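Here the sequence shown is numbered in my numbering, starting from 17 and rising by one per residue. Structure record follows, encoded as structure tokens.
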Amino acid sequence: MSAISETLRPWRVCSFESRRANEMQSLLERHGLIGTVAPSMKEVPLEENQAALDFAVELLAGRYDVVVFLTGVGAQTLFDAVTRRYPRDEILAALNRCRIVVRGPKPVAVLHAAGVHIDLRAPEPNTWRELLAALEAAGFVAGQRIALQEYGIPQEELRRQLEARGASVRSVPVYRWELPDDLQPLRAAIGRTIRGEFDALLFTSAQQLEHVLRVAEETASSTAWLAAAAECVIASIGPTASETIRRHGLPVHLEPAHPKMGILVRELAEALPRLRAARKT
């Protein structure tokens with residue numbers, strides 16, 4: 017294929033976005049990309065969440081100095097879980113006696129709607145490293161009793177780092193990630209990746225890659241998928257996802273200036289001709 021036709025041809029991009037799959041498909045098409053969206057995850061609230069109820073008991077007893085919210089969905093799910101058992105006004109009053117910290121923008125709307133103040137917000141790109149640095153700079157770590165709302169996967173490294181700096185930490189998991197009910201789109205995308213049918217792969221969370229590999233392993237094709245993925249341009253929403261991608265031996269060719277889905281797709285569309293050309297040299 018000539019250099020001119022290579023630049024002008026439509027690029028084939030596979031995304032593993034789940035919750036906002038329709039929005040992702042529209043974004044890809046709007047930027048002139050041939051998009052395939054293969055949902056890879058399903059959020060499952062922990063309905064019988066003893067950890068959340070234990071948190072509520074300790075919160076009402078005044079046993080926390082700092083409460084950290086990592087996600088908007090997690091914050092809402094935690095509120096819903098504890099207010100089914102305890103009066104909402106008592107929970108909110110107890111929270112407002114604590115220092116309230118958020119990792120990124122999504123918990124802010126939930127907390128403001130509930131009437132909970134926010135003392136500290138981690139800067140972009142909103143990974144656990146920025147959160148840890150912000151907590152430490154504010155004096156919210158050493159000697160503090162911290163409740164940490166977890167989201168899907170345990171925040172083991174953040175917890176270890178907080179405890180190493182003198183904090184007492186309780187993890188409060190409120191939902192977990194599972195595979196989607198319909199695995200056919202994901203299986204098809206795995207097969208198409210192995211056959212070289214995509215120019216780029218797009219990840220908007222670290223857990224997406226874990227689930228892709230888990231499904232690929234069902235047919236003993238994870239090694240083949242990793243080899244094929246390494247031939248694609250790989251775009252990542254931000255440092256947390258990139259860390260997981262690199263841990264599995266894959267390169268990250270693009271991270272957006274800000275960890276937003278629309279910015280990621282736009283910057284990928286702009287950079288794809290250059291990145292694909294570089295892959296061929």
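A virtual CB, placed ideally from N, CA and C, is assigned to each residue, including glycine. What you are looking at is a predicted structure, and each value in this text was computed from that prediction instead of being measured.
For Glu-179, count neighbouring Cβ atoms within 10 angstroms of its own Cβ and tell me buried if that reaches 16, exposed if not.
By the 10 Å Cβ count, Glu-179 comes out exposed.
Can you check DSSP and say which residues form a bridge with Lys-58?
DSSP output for Lys-58 lists Glu-194 as bridge partner(s).
In chain order, what residues of the same chain have a beta carbon less than 7 angstroms from the beta carbon of Ala-19, not counting five sequence neighbours either side?
Per-residue confidence for Ala-19 stands at a pLDDT of 42, beneath the threshold of 50, marking its modelled position as unreliable; no derived number is given.
Tell whether a beta-carbon distance below 8 angstroms holds between Gly-131 and Leu-108.
Yes, Cβ-Cβ distance for Gly-131 and Leu-108 is below 8 angstroms.
Straight-line Cα distance separating Ala-273 from Ile-116
Counting only the Cα atoms, Ala-273 lies some 27 angstroms from Ile-116.
Short of 6 angstroms in beta carbon distance, which residues of its chain neighbour Gln-160, apart from the five on each side in sequence? Order them along the chain.
Excluding residues within five positions, the ones whose Cβ falls inside 6 angstroms are Asp-81, Val-82, Ala-183.
Determine the extent of the alpha helix (DSSP H) in which Ile-206 is found, giving its start and end residues.
First-last of the alpha helix (DSSP H) with Ile-206: 200-210.
Less than 8 angstroms between C-beta atoms, sequence neighbours within five positions excluded: which residues of the same chain meet that for Ser-21?
A caution first: Ser-21 carries a pLDDT of 43, below 50, which makes its placement in the model too unreliable to give a value.
To test your reading of the DSSP string, which unbroken beta strand (DSSP E) runs of 3 or more residues are found completely within the region 64-92?
Listed in chain order, they are 82-85.
Through-space distance from Val-249 to Pro-289, alpha-carbon basis
Cα-Cα distance, rounded: 10 angstroms.
Unbroken alpha helix (DSSP H) run spanning Thr-52, endpoints
Not the alpha helix (DSSP H): Thr-52 falls in the beta strand (DSSP E), residues 50-53.
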